[in-house]
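Protein chains: 2
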Amino acid sequence: MLADLALVGFGNVARRFVRLLDEQKPFLLSRDLTYRIVAISTRRHGAAFDPAGLDPLSAALTIDAGGSLGDRAADDGRSSNQRAIETLARSSSPLRVLIETTTLDIDAGQPAIEHVRSALQAGCHVATANKGPAAFAYDDLSRIARDRGLSFLFEGAVMDGVPIFNLVRDTLPAVEIAGFRGVVNSTTNHILTALEDGQEFAPALAEMQAAGIAEADASLDVDGWDAAAKAAALANVLLGARITPHDVERQGLGSDCARRARDAKSRGARLRLVASARRDEQASVRLEELPERDPLAGLRGMSNALVLDTNLLGEIAITQLHGGLTHTAYALLSDVIAIRSRC
Amino acid sequence: MLADLALVGFGNVARRFVRLLDEQKPFLLSRDLTYRIVAISTRRHGAAFDPAGLDPLSAALTIDAGGSLGDRAADDGRSSNQRAIETLARSSSPLRVLIETTTLDIDAGQPAIEHVRSALQAGCHVATANKGPAAFAYDDLSRIARDRGLSFLFEGAVMDGVPIFNLVRDTLPAVEIAGFRGVVNSTTNHILTALEDGQEFAPALAEMQAAGIAEADASLDVDGWDAAAKAAALANVLLGARITPHDVERQGLGSDCARRARDAKSRGARLRLVASARRDEQASVRLEELPERDPLAGLRGMSNALVLDTNLLGEIAITQLHGGLTHTAYALLSDVIAIRSRC
């Protein structure tokens, strides 16, 4: 089956994704899946549209080299993102998927939510690595998808490609999740680990920025907004909540976190930024001093983990020991494969 | 859809399973699944057969009270286990499932393997909590199942109901597993944790026996055989190996493990019984001194964990923080639901 894909957002993750697609062609064929990229829309480097299929590897090389895609001037008032979705919607392929990788807007989750909504309303499936849609509008978007028999998937929103949402949906039938606790932001965990080892805040943050993990404006990470968006997405999906990141009680690292991290370690404990929620409790992101035996205490550097409290299996933890671009790109790939397998 | 089930083995796990089935009737109905138990065969407490359906809760109460099921004398040379499978095979239900929960035989995995084979050859699906079939005969049995369009599932064989096999099969498409390392035996981990805390071996083992976790003959646990069977099952399924537990390089706790556990702790490390294998290395079960930062080092008591080394997601750990009868019974339930969802 031929899948037509439109890429809205063509940053590091999306460019790694098109390369991963290419690397995985034999596997995809084994699942009866071939693909065509019919649109690529970037924020600052133009856009390209071709219902007959673009060459995504060339486009990625162009952007890598600082160049621009050709179709920038073709804008007639609609954004190139809208044009990309329209190009996808007009395709005759039975399997049309929007790949949404714009950056998170913490005010309202836009324009990602509108991208997802437009695509679903036009009969296209959606795979997104953006936390916004699930963190701000899960109930609405998942209902639109369900009503139309479409998939709205976002495995990459939390812990990159490590299956969380797919795990609960596909491998834990009949299990109810009562709550979760997790370390879900790599930048702050790297900083806290460095601080407890006696290093300074600024160079630890700079390392994460140099690695492309933290944003240039690191406040999304450091002030706990990224973790709050993930907490909202997890609460909405796993606990049936109807919240946004602004409903999450939120702490950032704060000015005294270096002292607190060192003090905690001197007591045999660990200071960690913990995102949590329960069915009967407000979601929160808090700096917590965890005893060494806590499964979240041992997470160092960029490791992430999520502990699910379940009715039939007690507590289960899923830990991502390494992170990176390939992991997030893989999340999109696994979503596309899941969409194919449902057809 | 009506599923007919035959229970071969009716110990603690199977009795908890029939109660869990009853508790989960509303959920099963929501998946269009009802069930009937057409046969129950026990090792020492008789058997019962009725194509029109038995009352499994009454049967469980009878066995709990030390009683016996009625049909013991009806044996005509065939074992009651065989009769149970034949009763299932003659059912007209479109969905027939053998629930195999006999105890592990570490010599050759029998008679569980023959139960599984007979059921598959008669056109019945299989869900088993017994490690033997996957540890000794995965390649053979899975081929028979595949050729007939049947399922052979055994989620409970490792880490109870925490999804391992289902996780890799259903939520990690395109991911290759290069190897694994795990703490997969609860009894030995409880003992090692007690020893490093300065307690004695014998009472720690006795606690596990009193809790029904360790066998009366604890050598399967203490000598590493249980972990070796799990290592073989994991290697066969995840790494494409063709081994049995006897091919696994195996250590047990050994006479000096108390000293070694305390010494390790005094150095800030932890002694753990680690089951591991890689595509290019023999499977093994070894006492290893792990640095505190190792994700397996922090596991205390009955916690289990498995670290998967993957090509696209680096290392992922799945941790079971609690174990118990319900967890293993849930594994069988999740297998039955998976079988239903494939029909």
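So the sequence lines, in the order shown, correspond to chains A and B. Those letters in the first sequence? Residues 0 to 342, per numbering that gives the first Met the number 0, in order. Those letters in the second sequence? Residues 0 to 342, per numbering that gives the first Met the number 0, in order. The C-beta atom is built at its ideal place from N, Cα and C for all residues, glycine as well. Bear in mind that the values here come from a model prediction, so they are computed numbers and not experimental data.
Asked: Does the structure place the region 181-193 of chain B close enough to the region 204-224 of chain B that three or more beta carbon pairs sit under 8 Å?; Found: yes
Asked: What residue from B/Y137, B/H124 and B/A13 has the CA that sits closest to B/L149's CA?; Found: B/H124
Asked: Using only the alpha-carbon positions, how far apart do B/D31 and B/L1 sit?; Found: 8 Å
Asked: Give, in chain order, every unbroken run of the alpha helix (DSSP H) that is at least 4 residues long and sits entirely within the region 138-199 of chain B.; Found: 164-170 and 185-195
Asked: For A/Y329, return the contacting residues in chain B, with the cut-off set at a CB-CB distance below 7 Å.; Found: L311 and L312
Asked: Can you tell me which of A/L237, A/V17, A/V182 and A/A230 puts its alpha carbon nearest to the alpha carbon of A/A296?; Found: A/V182
Asked: From which residue to which residue does the alpha helix (DSSP H) around A/Q81 run?; Found: S79 to R89
Asked: Closer than 7 Å, Cβ to any Cβ of chain A: which residues of the region 158-179 of chain B, in chain order?; Found: G160, V161, P162, N165, L166, D169, T170, L171, P172 and A173
Asked: Which runs of the beta strand (DSSP E) spanning at least 3 residues fall entirely within the region 238-317 of chain A, listed in chain order?; Found: 268-277, 280-290 and 303-309
Asked: Let's test the definition: count the other Cβ atoms within 10 Å of the Cβ of B/G346 and tell me whether it reaches 16, buried, or not, exposed.; Found: Missing from the structure shown is residue 346 of chain B; chain B here goes from 0 to 342 and no further.
Asked: Of all Cβ atoms in chain A, is any one closer than 7 Å to the Cβ of B/G148?; Found: no
Asked: Measure the Cβ-Cβ separation of B/E291 and B/R271 and say whether it is below 7 Å.; Found: no
Asked: For chain A, find out if any of its Cβ atoms is closer than 7 Å to the Cβ of B/A72; answer yes or no.; Found: With a pLDDT of 48 at B/A72, under the threshold of 50, the modelled position of this residue cannot be trusted; read the value that follows with caution. False, the Cβ-Cβ gap to chain A never drops below 7 Å.
Asked: Excluding the 5 residues preceding and the 5 following A/A72 in the sequence, name in chain order all residues of the same chain whose CB lies nearer than 7 Å to its CB.; Found: Caution is warranted here: a pLDDT of 49 is assigned to A/A72, below 50, making its placement in the model unreliable, and the coordinate value is therefore given only provisionally. So no residue of the chain qualifies.
Asked: I need the DSSP call for A/A328, collapsed to helix, strand or coil.; Found: helix
Asked: Looking at C-alpha atoms only, which residue of A/A121, A/E154 and A/D138 is the closest neighbour of A/R147?; Found: A/A121
Asked: Could you tell me the distance, in whole angstroms, from the CA atom of B/L152 to the CA atom of B/R43?; Found: 26 Å
Asked: Counting only the same chain and skipping the five closest in sequence on each side, list residues whose C-beta sits under 8 Å from that of A/G52.; Found: R35, I36 and V37
Asked: Mind pulling the chain A residues with CB within less than 9 Å of B/I336?; Found: P172 and A173
Asked: A/V182: beta carbon under 6 Å from a heavy atom of the ligand NAD?; Found: Absence of the ligand NAD is noted for the structure shown, with no ligands found whatsoever.
Asked: Considering Cα atoms alone, identify which of B/P25, B/V7 and B/S117 is closest to A/A173.; Found: B/P25
Asked: Could you tell me the alpha carbon to alpha carbon distance between B/R277 and B/L238, rounded to whole angstroms?; Found: 7 Å
Asked: Under 7 Å, do A/V247 and A/H114 count as touching if we go by C-beta distance?; Found: no
Asked: Could you check if A/T243 is buried or exposed, using at least 16 other CB atoms within 10 Å of its CB as the buried criterion?; Found: buried
Asked: Closer than 7 Å, Cβ to Cβ, to anything on chain E: give me those residues from the region 261-295 of chain A, in chain order.; Found: Of the protein chains in this structure, namely A and B, none is chain E.
Asked: According to DSSP, is B/E206 helix, strand or coil?; Found: helix
Asked: B/Q319 touches chain A at which residues, Cβ-Cβ below 7 Å?; Found: I315
Asked: Mind checking whether B/A47 and B/G69 have CB atoms under 7 Å apart?; Found: yes
Asked: With distances taken from CA atoms, which of B/L166, B/R339, B/T61 and B/F16 is nearest B/A325?; Found: It is Thr, not Ala, that sits at residue 325 of chain B in the sequence shown. Residue B/F16 is the option with its Cα nearest to B/T325.
Asked: So A/T325 contacts chain B; which residues on that side make the cut at Cβ distance below 7 Å?; Found: L311
Asked: If we ignore side chains and look at the alpha-carbon of each, how far apart do B/V157 and B/D220 end up?; Found: 14 Å
Asked: Which value, in whole angstroms, describes the spacing of the CA atoms of B/A107 and B/S78?; Found: 19 Å
Asked: I'd like to know whether the C-beta atoms of A/N129 and A/T86 end up nearer to each other than 7 Å.; Found: no
Asked: Provide the residue span of the beta strand (DSSP E) that contains B/R35, from first to last.; Found: T33 to S40
Asked: Just to confirm my understanding: we take B/G300, look at its own chain, exclude 5 residues before and 5 after, and list those with CB closer than 6 Å. What are they?; Found: H189 and T192
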